[in-house]
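Convert by adding 1023 to the 1-based position in the sequence shown; the result is the number in the working numbering.
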Amino acid sequence: MELSLETEAVADRTLLRVGGEIDVYTAPSLRERLVELADGGARHIVVDLEMVEFLDSTGLGVLVGGLKRARASDGTFVLVCDQPRLLKIFRITGLERVFELYPSVADALAGAR
1024 MELSLETEAV ADRTLLRVGG EIDVYTAPSL RERLVELADG GARHIVVDLE
1074 MVEFLDSTGL GVLVGGLKRA RASDGTFVLV CDQPRLLKIF RITGLERVFE
1124 LYPSVADALA GAR
């Protein structure tokens, strides 16, 4: 399965919509896009995972890297995820306590859980 990445500026935030599967084969593309955004000056990144069908440990590592990069530049990095199977991965790995997870893009942009 392919990975789709669409970027949109929304006020002072950058919304990255991700679709498809994030695995060992596609994670490098996601990492590259996140680095491009950070290097391009994006300080507040919202990653929308609503259209993600699969996420493995490589993908989780890329997301953690994005979070670290954002924090290093005093930015924010939040995730939009309402899919039970993906939320279970965040819960099992303990990453639900690391990431700010929102049920919708609107909630993430408003900063309300």
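The C-beta atom is built at its ideal place from N, Cα and C for all residues, glycine as well.
Here the structure is a predicted model, which means the values were calculated and not measured.
L1060 and D1097 have their C-alpha atoms some 14 angstroms from each other. Within the DSSP bridge table, the entry for Y1125 names V1103 as partners. Annotated three-state conformation of E1029 is strand, per DSSP. Looking at M1074, R1040 and V1047, the one whose alpha-carbon comes closest to that of R1056 is R1040.
As far as DSSP is concerned, E1059 takes part in no beta bridge. Between L1038 and D1071 a beta carbon distance of about 6 angstroms is seen, short of the 8 angstroms cut, so the two are scored as contacting. One thing to note: D1079 has its Cβ no nearer than 8 angstroms to the Cβ of D1130.
Distance between R1054 and Y1048, taken at the CA atoms: about 11 angstroms. Cβ neighbours of G1082 within its own chain (closer than 6 angstroms, five residues either side excluded): I1045 and A1050. Around the beta carbon of V1121, fewer than 16 other beta carbons sit within 10 angstroms, so the residue counts as exposed. Partner residues in the beta bridge of I1045, as assigned by DSSP, are L1078.
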